[in-house]
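Following: one structure in structure tokens, then a few remarks.
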Amino acid sequence: MNIKIKLPDIGIEEMKVTDILVKKGDKIHKDESIIVIEGEKTSMEIPSTENGIIKKIKVSIGDNVHTDSVILELDNNISKINEKIISSKIKETILDVNKINKIIIPNISNGFMKIIKIFVNEGDKIYKDNPLVTLANNKNNFNVTSPYNGIIQKIIIKNGDNVKSGDIIILISNFISKNIEENNINKNYLLNINNIVKKNSIHASPSVRKIARQLNINLLNIIGSGNKNRILKEDLLKYISINNNQKNINNISSSLSSNYFKQFGEIEEKEMNQIQKISSTNLTKNWINIPHVTQNIEADITKLESFRIKKNNEFNRNNQNIKITLLSFLIKICANALKKYPIFNSSLLDNKKIIFKKYYNIGIAINTNKGLLVPVIFNLINKNIIDISKELILLSNKAKLGKLIPSDMQGGCFTISNLGSKPGNFFTPIINSPEIAILGISQANIKPFWNGKKFIPHLILPLSLSYDHRVINGVEAIIFLNYICNLISDIRNLLM
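Going by my numbering, the sequence shown opens with residue 6, and the numbers climb by one from there.
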């Protein structure tokens with residue numbers, strides 16, 4: 006039976022299709038992503054609501070879609086799927102029992118090392134670069150990987166054994182493949198092949214398969230960590246990372262596991278929550294892919310702080326439920342700076358183009374008990390300090406109560422990370438891609454300043470600007486920071 010998969014109600018009137026993650030004939034499962042859509046403030050993957058085989062794709066990249074637009078048609082008669090498995094040529098795996106390879110501990114340490122983990126069992130089918138064992142010395146852990154495809158014939162070592170470079174640990178027999186023409190295959194053989202395919206079928210979403218196709222990666226080489234050994238995007242990225250490292254260090258990757266720490270005493274392991282995992286992935290990606298430079302400066306907020314306290318006292322006397330924070334001023338000042346210097350309100354596209362935005366939205370990093378969240382304040386050019394203060398309180402409360410929705414955290418042009426409530430002086434904030442800059446705020450302190458006759462106390466605020474050096478050079482960064490400092494030192498400059 007054919008089923009139409011439609012765009013659900015996502016609260017946005019119209020979106021544009023920016024990517025199609027599947028193709029005709031693909032077998033997909035419920036909740037697997039099928040397309041990517043993009044609007045003014047957000048981008049998201051749309052999942053399938055059913056299992057089945059794709060018969061028709063009804064949209065193209067660039068199409069505008071809305072609620073109930075038909076995305077694709079599925080045939081949900083799963084029994085038909087296995088009929089297409091066997092092609093005119095089938096590869097039969099044949100064990101070459103005459104070829105036995107010895108896995109030897111490479112020259113990675115002068116002394117003895119302990120076997121702390123064995124990843125395989127006798128009889129297992131493995132592929133080149135699959136991990137075999139983890140070794141530990143008193144400084145580090147090492148993974149030894151297989152240089153061959155084959156079958157584990159004998160494991161010579163066991164957990165806890167001490168080994169040294171040159172020791173034989175595992176015996177592996179090769180396997181080779183040959184093509185067998187369809188007319189040479191009998192029915193029993195076809196049934197056996199069908200059973201093998203069922204047992205070794207790869208469970209992965211279309212988006213994972215697409216990345217694997219683009220990078221020419223065989224998903225059979227990846228062990229999935231999801232339900233029923235489903236290969237998740239994280240598994241694929243981990244495989245890519247491990248193999249890139251292994252190319253550089255000859256099939257040996259240095260890593261740490263909990264076993265390394267256990268040898269020194271008692272430990273406790275805690276799983277990161279989902280927000281922490283997402284933050285960890287994004288921060289790592291941004292730090293690796295963006296050439297960060299951080300410029301530090303000190304801003305004199307003596308007059309600004311005096312003005313802020315005076316206004317809050319007035320609001321309090323008039324029983325107005327308004328409280329202006331220093332951050333509210335800094336948000337407004339940064340919005341003005343983005344307008345003055347458009348290069349800071351841009352994004353880099355494919356290392357070839359710079360996108361200049363004509364809107365001014367700033368994300369505010371908020372620490373919650375579940376991790377770091379960055380809600381966005383929109384349309385700042387048209388908002389005054391009081392508007393910003395009210396919205397800042399609202400977003401902060403939503404973040405701490407876990408009530409932020411995805412659209413609250415998308416569409417930012419620039420981010421502010423405020424550590425002003427804790428002692429400290431300058432730090433290196435990590436850029437929130439696809440933005441190209443972020444401002445870090447440290448705690449303000451009283452410092453003596455010489456006025457020509459005597460030292461007088463000034464309240465000084467440390468600022469740290471991290472920027473993408475592919476887009477912004479050092480001169481532009483210091484000009485941008487000095488402009489911010491000038492606005493901070495005399496708030497009347499905001500009116501100019």
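We put the beta carbon where it would ideally sit given N, CA and C, even for glycine. Remember, predicted model here, so these are calculated numbers, not experimental data.
It is roughly 49 Å from the alpha-carbon of Gly57 to the alpha-carbon of Leu343. In the structure shown, the three-state DSSP call for Ile236 is strand.
Around the Cβ of Lys32, a 10 Å sphere holds 16 or more other Cβ atoms; the residue is buried. Taking C-alpha positions only, Ala442 is separated from Asn423 by approximately 14 Å. Within the DSSP bridge table, the entry for Lys282 names no partner. Per the DSSP secondary-structure output, Lys122 pairs in a beta bridge with Thr139. For Tyr472, the three-state secondary structure derived from DSSP is strand.
Residues of the same chain with a CB within less than 7 Å of the CB of Leu353, apart from the 5 flanking positions on each side, are Ile359, Ile441, Asp473, Arg475 and Val476 in chain order. By the 16-neighbour rule on beta-carbons within 10 angstroms, Ile314 is exposed.
Within its own chain, the residues whose Cβ lies closer than 6 Å to the Cβ of Tyr244, once the five positions on either side in sequence are excluded, are Ile227, listed in chain order. Contact between Ile369 and Val379 holds, since their C-beta atoms are separated by about 7 Å, short of 8 Å. Restricting attention to Glu310, Ala340, Asn366 and Ile120, the CA atom closest to the CA of Gly165 is found in Ile120. Counting other Cβ atoms within 10 Å of its Cβ, Arg214 reaches 16 or more and is therefore classed as buried. Note on Glu18: under 16 other CB atoms within 10 angstroms of its CB, so exposed under the neighbour-count rule. Phe147 carries a strand assignment under DSSP once its states are collapsed to helix, strand and coil. Approximately 5 Å separates the beta-carbon atoms of Asn154 and Tyr132; this is inside 8 Å, confirming the contact.
For Asn372, the closest alpha carbon among the candidates Ser394, Asn278 and Lys405 is that of Lys405. Three or more beta-carbon pairs separated by less than 8 Å are not found between the segment 453-469 and the segment 275-284, which leaves the two stretches without contact. The Cβ atoms of Ala209 and Leu224 sit closer than 7 Å to each other.
Within its own chain, the residues whose Cβ lies closer than 8 Å to the Cβ of Leu397, once the five positions on either side in sequence are excluded, are Thr330, Leu332, Ser333, Ile336, Ile369 and Ile382, listed in chain order. 7 Å or more divides the Cβ of Ala449 from the Cβ of Gln300. In summary, Thr289 is exposed, with fewer than 16 beta-carbon neighbours lying within 10 Å of its beta-carbon over all protein chains present.
Counting other Cβ atoms within 10 Å of its Cβ, Asn148 reaches 16 or more and is therefore classed as buried. In the three-state scheme derived from DSSP, where H, G and I count as helix and E and B as strand, Asn7 is classed as strand.
Nearest neighbour of Tyr265 by Cα position, chosen from Asn437, Asn142 and Ser230, turns out to be Asn142.
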